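>
Numbering (UniProt numbering), first residue to last: 1 to 121.
1) So is residue 61 buried or exposed if we call it buried at 16+ other beta carbons inside 10 Å?
2) Give the C-beta separation of residue 19 and residue 103 to the nearest angstrom, bearing in mind that I take them to be a contact with Cβ-Cβ under 8 Å.
3) According to DSSP, residue 34 sits in a beta bridge with which residue or residues?
4) What residue does the beta strand (DSSP E) around residue 78 start on, and which one ends it?
5) Do you know whose CA, among 109, 106, 80 and 73, lies nearest residue 44's CA?
6) List the endpoints of the continuous beta strand (DSSP E) containing residue 89.
7) Within 10 angstroms of its Cβ, does residue 51 collect 16 or more other Cβ (buried), or is it exposed?
8) In angstroms with no decimal places, state the Cα-to-Cα distance between residue 83 and residue 111.
9) Bridge partners for residue 42 per DSSP, in chain order?
10) What residues are listed by DSSP as bridge partners for residue 70?
11) Can you tell me which of 74, 53 and 55 puts its alpha carbon nearest to the alpha carbon of residue 63?
12) Is it the case that the Cβ atoms of residue 37 and residue 26 are separated by a distance below 7 Å?
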């Protein structure tokens, strides 16, 4: 079994930092006329929670608007990479900037200070 240090090293080798949101802090994304919660976000990808992700398929292009915590909103576009349980995993072609992600991480740290200290990072 890998050690915690090995897992953290693995996470750090990713191209983009992935921010997994606490339940109460999750942004909302709008696809067409439907709204879904965003569980995880990075400059290169997004995980969207939905009841019926099976209506999407691998390679399908999707676009929408994410309403971020703190009041900003960004357009996203990407391809469905896979479905994992009730999550749609999308590789983004257009999405949040590094600045957007730093603001989101700051928001979570300020409003949910214990979240990162519990090993949720």
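For glycine and all other residues, C-beta sits at the position ideal for the given N, C-alpha and C. All of these numbers come straight from a predicted model, not from anything done at the bench.
The relevant details are as follows:
1) With fewer than 16 other Cβ atoms within 10 Å, it is exposed.
2) Actually they do not touch by this definition, with Cβ atoms about 11 Å apart.
3) Residue 34 is bridged by DSSP to 31.
4) Under the DSSP assignment, residue 78 falls in the beta strand (DSSP E) whose first and last residues are 73-84.
5) Comparing Cα positions, the closest option is 80.
6) Looking at the DSSP string, the run of the beta strand (DSSP E) that includes residue 89 is 87-94.
7) Looking at its Cβ environment, which holds fewer than 16 other Cβ atoms inside 10 Å, residue 51 is exposed.
8) One C-alpha to the other measures close to 30 Å.
9) As far as DSSP is concerned, residue 42 takes part in no beta bridge.
10) The partner list for residue 70 (beta bridge, DSSP) is empty, contrary to what the question assumes.
11) Ranking 74, 53 and 55 by Cα distance to residue 63 puts 74 first.
12) Residue 26 sits close to residue 37, with the two beta carbons spaced by under 7 Å.
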